[in-house]
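Residue numbers (numbering that gives the first Met the number 0): 0 to 374.
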Amino acid sequence: MARPLRVALVSYYVHMGIGLGAYARGLLCGLDALDCPHRFTVVTPRPRLTGLERIRTVTLPMPVPPLTPRVPLIYWDQLAAWSAVKLIRPDIVHWLQPRTSLLPAAPRTVMSLADAIPWAPPLCGRALEHGYARTYAGMTRRADMVMTHSLHAAHDIAEFLQVDRGRIVVNALAAEATREDGAASPPPVEPPYVLFVGGSERRKNGARMIEAFARAALPETIRLVVVGWIHPGGDDDDDLAACVASLAPATRERVLLLGHVSDEQMRALYGAATLFAFPSLYEGFGLPVLEAMQRGVPVITSTTTSLPEVAGDAAKLVDPTDVDALARALEEVVGDPGLHAELAERGRVQAGRFSWQATAAETVAAYEQLAGAGA
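Right, dumping it as structure tokens:
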């Protein structure tokens, strides 16, 4: 049996229900349920997390008001590194988001990096203009181990950040367990609708999604619901409000830009959707695909990056840059009850292949491997 390890997990975003927050929360719940001798402590700026019985929480509130959107994370990260070393004295510190701290952390450090999006052309390529991105890249190269969530992300991290592929561990994510008590809230929009999650962020491909919906020959009762932050167009964002405004009046009325919604509303929107469309240009994993599949919602997604790994044969895959192909896929899945039912069933099976317990077990195995290498 492996010797007991003291592991500090640093998470700035654990209170969030999406992205890095969903990963942190899912992993911590998986670790909490795992039968192993190791001791885990999470360092977070939020009060004690509920639902965790075996994982200790160290709360580090933000001591200064934010000066810019990134200052809180960078400043808090320095405190987290110091606290992890001085208070917990861990064998391993695991950053559950890109690390910015320049302070020593532990004999061994692990850093989770969801993707190489800031560095991977052609979507970005401006990362080196920003000091924080240069810091992330440097800290990634200095970590003893890098964790990511798909083979595609591992390839890009190795290539664009020049990290030895042998130091990168891949462990997949999972969808949140669905409630079985029948207490789901009603969605904020009446069905039927096609659901798109991604907001204005250009790599999420919202402008093409809206155009494809406008071209598709769908029943007039079906609307397109767009969830996610809606920003004016810019370097990294599409102006989705302008896209909608350019549509014919009858189609324009069928496109709803909901913006950001609560976790409860998001679960309700998934559950009542006729179809989930996720034609993203670049993902490190693509958790929304599993979240929709788990609820029995047919999925259309992209042939690019990590999405075929996540979707398997359980989704309709399309070239995300081909608007006509996306429109045809919408017509096929909505208009063919047999295909709709088949994708729904395949999706449930595919989502069941992923679990936070498996992610936690793979993470612990990586900790043990790293500790053994340093023994």
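Backbone N, C-alpha and C fix where the C-beta goes; we use that ideal spot for every residue, glycine too.
Inter-residue Cα distance where the pair is residue i and residue j
i       : j       : result
Pro-248 : Ala-213 : 11 Å
Ala-380 : Val-317 : One cannot answer for residue 380 here, as it falls past the ends of the chain, which runs 0 to 374.
Gln-161 : Leu-246 : 44 Å
Glu-330 : Thr-300 : 14 Å
Leu-255 : Ala-359 : 38 Å
Ala-314 : Val-298 : 5 Å
Gly-270 : Glu-290 : 9 Å
Thr-58  : Thr-43  : 5 Å
Leu-150 : Asp-163 : 14 Å
Gln-293 : Ser-305 : 18 Å
Local Cβ density within 10 Å of residue i, reported as buried at 16 or more and exposed below that
i       : result
Asp-335 : exposed
Glu-52  : exposed
Gly-380 : Since the first residue of the chain shown is 0 and the last is 374, residue 380 is not available in this structure.
Pro-218 : exposed
Gly-25  : buried
Asp-262 : exposed
Ser-10  : buried
Pro-3   : exposed
Glu-158 : exposed
His-93  : buried
Arg-141 : exposed
Pro-186 : buried
Gln-77  : exposed
Proximal residues to residue i (C-beta, below 6 Å), its chain only, five neighbours per side dropped
i       : result
Gly-197 : Lys-203, Gly-205 and Gly-227
Leu-48  : Thr-56
Cβ-based neighbour list, residue i, same chain, cut-off 7 Å, excluding 5 preceding and 5 following
i       : result
Ser-354 : Ala-173
Asp-312 : Arg-345
Glu-361 : Asn-170
Leu-338 : Glu-331 and Val-332
Asp-236 : Ser-199, Glu-200, Arg-201 and His-230
Leu-112 : Pro-97, Thr-139, Val-145, Thr-147 and Ile-156
Thr-273 : Pro-190, Pro-191, Tyr-192, Val-193, Ile-221 and Val-333
Leu-86  : Val-57
Ile-167 : Val-145, Thr-147, Ala-153, Ile-156 and Ala-157
Any non-hydrogen atom of the ligand COA closer than 7 Å to residue i Cβ
i       : result
Ser-199 : Of ligands this structure carries none, so the ligand COA is not represented either.
Own chain, CB closer than 8 Å to residue i, minus 5 neighbours either side, in chain order
i       : result
Leu-369 : Ile-91, Arg-107, Val-109, Asp-143 and Met-144
Gln-356 : Gly-29, Ala-32 and Leu-33
Arg-251 : Val-243 and Ala-244
Beta bridge counterpart(s) of residue i as assigned by DSSP
i       : result
Leu-274 : Val-193
Met-110 : Trp-94 and Val-145
Asp-236 : Glu-200
Where in the segment 323-354 do unbroken runs of the alpha helix (DSSP H), each at least 4 residues long, occur, reported from the N-terminal end onward? 336-350
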